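For reference, the structure is listed below as structure tokens.
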Amino acid sequence: MAPNKHPRHGAKPRYARTSRYLPRPRPALLIATALVAAAIPVAAVVTRHSANPGPVAAPEPRVTLQAKEVGFWSRDDRLSPPVHRDRSPVELGTRFTAAQDGWVIGVRFYKAPGEKGTHTGSLWDSSGTRLATVTFRDESRNGWQEARFGSAVPVVGGKVYTVSYHSEHGTYAGRPSAGTLRSGPLSTAARRVGVYTYGPSRFPHRWNPKNYTYYVGPVYRWLDREPAPSGRQVPSATRSRDDVVTYTPRPWPSVSRVSPNPSGEITIEPSAPPSFEPTPGPSVPPVVEPSAEPSAELSVVPSARPSEEPTTVVSPSREPSRTPGGEPTGGRPTQSPAHSPSNPAQNPAQSPAQSPAPPPTAPAGSACPGGYPTPACTGVPRSVSPLRKAANLGGNDYQVTTPGTVLDGVHITGDLVINADGVTVRNSQIDGTVINERGTRQYSFTISDSTVGPANGCVSTPGVGESHYTATRVLVRGHGDGFRVSGDDVTIRDSYVHLCSNPGDHSDGIQTYMAGKGLVFQHNTVDQRDAKDITAPIFITDPRVVDVTLTDNLVMGGTYSIQVKNAHGRVVVRDNRLVNRSWVYGPVEADCSSIDWSGNTLVTVDDDYRVTSTVGALPCHT
């Protein structure tokens with residue numbers, strides 16, 4: 013019993029049951045309050061002379077709750093999704109949120125016909141930290157596979173998590189236009205449902221603008237009648253053999269209900285089995301064995317067979333070039349921020365609500381004397397007629413795996429995937445994306461006098477990325493992002509970027525994402541005026557950025573046109589020209605105190621990007 017101090021004395025408090033100072037109390041009123049799933053129960057003793065009764069410790073209850081279990085798909089769901097064959101290791105995932113606290117106990121994914129090898133499943137938090145992993149055992153040839161983690165992983169309601177599986181073989185099920193998935197407390201956003209990354213198993217943070225789902229989801233459990241208190245804490249759970257979740261409640265600052273019996277022990281049974289959305293079905297058993305029977309017939313989309321990699325210089329084939337805007341044959345998961353294997357660039361009708369950018373004038377291949385880069389002096393020179401290079405990676409994509417390869421005068425109708433160091437690209441047209449990442453590796457390359465992007469339509473992913481590259485006189489068109497910087501040693505000079513956007517995009521001319529050291533962006537033109545879903549022509553805000561030089565650029569458009577924040581080391585922003593009143597909210601948003609800012613001005617330009625007047629100085633704004 014808790015100590016109770018006599019109201020008339022300042023003496024050391026004594027316990028009420030032995031106090032010499034208190035008159036014999038009348039029968040006490042004992043109130044036992046059980047705080048379900050959270051509280052430590054407290055009993056109060058009320059006496060005639062006690063105005064402020066003290067708390068009395070009561071036995072801590074042990075709460076046992078029967079958990080419900082759901083997933084986005086059940087083992088009984090019969091599917092016929094398209095099958096894609098990338099022939100490259102890939103991590104495929106689904107981003108999801110739970111409406112209330114609970115536990116992820118495993119991973120379920122749909123194994124496509126023809127898929128081989130061992131698979132692992134993982135759960136990640138929003139920062140990319142792997143919370144749990146498991147290896148799938150006793151897999152069937154195809155259909156639903158399921159594996160349980162060694163222990164349940166607590167998740168917090170309202171936070172974003174990613175569940176994924178890794179395929180070494182690169183054959184998987186995937187369908188565009190996924191939409192929102194819901195099942196019990198689980199849901200996904202309307203966009204960025206499916207995510208992926210190529211290479212060894214790691215956090216899948218890229219996404220396809222066509223909003224693919226890759227048929228992988230969490231096996232999730234929650235306590236259906238658990239209250240939603242303020243100051244939420246994730247309960248620590250253990251699983252017994254009969255799959256009843258038992259835990260000791262932690263204190264929460266509110267009383268939810270009174271214990272129905274003096275012992276304080278509470279057992280709550282679920283009121284109804286969970287429902288599945290969008291596919292109704294029965295409650296999933298606690299342990300699911302994969303079905304040995306093959307699923308319904310799937311429509312398989314084969315990819316092109318890889319061809320041998322050239323050793324040094326690539327000679328383009330003499331095949332006629334495919335008409336830009338043709339429907340791609342592949343369905344690979346396009347990554348964001350970079351690689352677009354399914355190549356939505358080839359499909360200008362991918363988003364009827366997109367804000368198209370008019371195609372720039374054909375480049376002349378000459379320098380831009382006395383002015384800023386334009387379509388006339390960047391991209392493939394007019395004297396060069398690039399010849400189509402046959403795809404070797406699947407769909408329309410071309411992969412380089414030999415160090416020192418030179419691509420000169422080629423036309424790649426999909427993505428250019430650079431997986432070797434020292435690659436040179438010049439006088440070439442790439443209708444998709446140029447990407448130099450495989451797994452955790454990024455490879456060095458140079459690109460010059462080349463055009464990147466489709467002549468029609470808009471691809472949400474960046475035109476060129478990610479690190480250790482130099483771009484000179486490059487024309488980027490038909491992309492939501494121009495250049496992506498996700499590592500060290502990137503130099504971009506004398507290039508022209510004309511941006512577009514699709515609904516839901518955050519278009520940028522140059523953007524840093526998990527960037528590194530040594531970015532130089534000098535004498536470039538970035539025009540974002542025709543894009544609607546935008547951020548900025550210059551968007552340098554990643555806290556990993558060290559040493560940035562932004563000089564002598566002409567930019568226009570954006571919410572805040574020049575955004576430079578969170579960078580470290582030496583940050584230089586000098587002699588840039590911003591087209592007056594081309595922004596939505598303001599010209600600049602920057603950490604001015606840490607930037608070497610000088611010589612920047614507001615200007616007007618004509619249709620050929622010639623500066624026609626100087627309006628005034630462009631000060632730095634925080």
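In terms of our numbering, the sequence shown is residues 13 to 634. Virtual Cβ for every residue (Gly too), placed ideally from N, Cα, C. Please read these numbers as outputs of a predicted model, since none were measured by experiment.
Residue i in three-state terms, based on DSSP
| i | result |
| --- | --- |
| residue 134 | strand |
| residue 373 | Unreliable placement is indicated for residue 373, whose pLDDT of 44 sits below 50; the coordinate value is still reported in the next sentence. Of the three classes helix, strand and coil, the one that applies to residue 373 here is coil, per DSSP. |
| residue 606 | helix |
| residue 108 | strand |
| residue 472 | strand |
| residue 568 | strand |
| residue 401 | coil |
| residue 230 | strand |
| residue 184 | strand |
| residue 193 | coil |
| residue 90 | coil |
| residue 525 | coil |
| residue 587 | coil |
| residue 145 | strand |
| residue 629 | strand |
| residue 219 | strand |
| residue 116 | strand |
| residue 157 | strand |
| residue 171 | coil |
| residue 540 | coil |
| residue 128 | coil |
| residue 506 | coil |
| residue 518 | coil |
| residue 151 | coil |
| residue 487 | strand |
| residue 395 | coil |
| residue 208 | strand |
| residue 533 | strand |
| residue 594 | coil |
| residue 425 | coil |
Distance CB(residue i)-CB(residue j) smaller than 8 angstroms
| i | j | result |
| --- | --- | --- |
| residue 510 | residue 489 | yes |
| residue 585 | residue 615 | no |
| residue 472 | residue 499 | no |
| residue 600 | residue 583 | no |
| residue 537 | residue 621 | yes |
| residue 571 | residue 552 | no |
| residue 534 | residue 556 | no |
| residue 102 | residue 182 | yes |
| residue 587 | residue 634 | no |
| residue 108 | residue 198 | yes |
| residue 475 | residue 465 | yes |
| residue 569 | residue 594 | yes |
| residue 105 | residue 216 | yes |
| residue 151 | residue 87 | no |
| residue 219 | residue 174 | no |
| residue 434 | residue 403 | no |
Of the residues the options, the one placed nearest residue i, counting alpha carbons only
| i | options | result |
| --- | --- | --- |
| residue 457 | 493, 421, 472, 501 | 501 |
| residue 430 | 138, 116, 409, 443 | 409 |
| residue 507 | 463, 477, 545 | 463 |
| residue 393 | 400, 460, 418 | 460 |
| residue 577 | 606, 545, 193, 386 | 606 |
| residue 118 | 413, 91, 148 | 148 |
| residue 385 | 623, 112, 99 | 623 |
| residue 405 | 104, 428, 421 | 428 |
| residue 575 | 558, 476, 554, 593 | 554 |
| residue 194 | 111, 136, 219, 226 | 111 |
| residue 127 | 100, 141, 596 | 100 |
| residue 114 | 188, 82, 453, 220 | 82 |
| residue 397 | 617, 424, 90 | 424 |
| residue 120 | 562, 440, 85 | 85 |
| residue 467 | 391, 416, 437 | 391 |
Handout entry: At least 3 beta-carbon pairs within less than 8 angstroms: the region 161-175 vs the region 216-236
Key = yes
Practice task
Examine the Cβ distances between the region 120-137 and the region 171-182 and report whether three or more of them are shorter than 8 angstroms.
Solution key: Judged by pairs of C-beta atoms under 8 angstroms, the region 120-137 touches the region 171-182, as three or more such pairs exist.
Practice task
Note down, one range per segment and in chain order, each beta strand (DSSP E) of at least 3 residues found wholly within the region 436-485.
Solution key: 457-460, 471-477, 481-484
Handout entry: Meets three-Cβ-pair contact criterion under 8 angstroms: the region 511-525 and the region 536-554
Key = Per the Cβ contact rule, the region 511-525 is in contact with the region 536-554 (3 or more Cβ pairs under 8 angstroms).
Practice task
Evaluate the contact criterion for the region 203-217 versus the region 151-166: three or more CB pairs, one atom per stretch, below 8 angstroms.
Solution key: no
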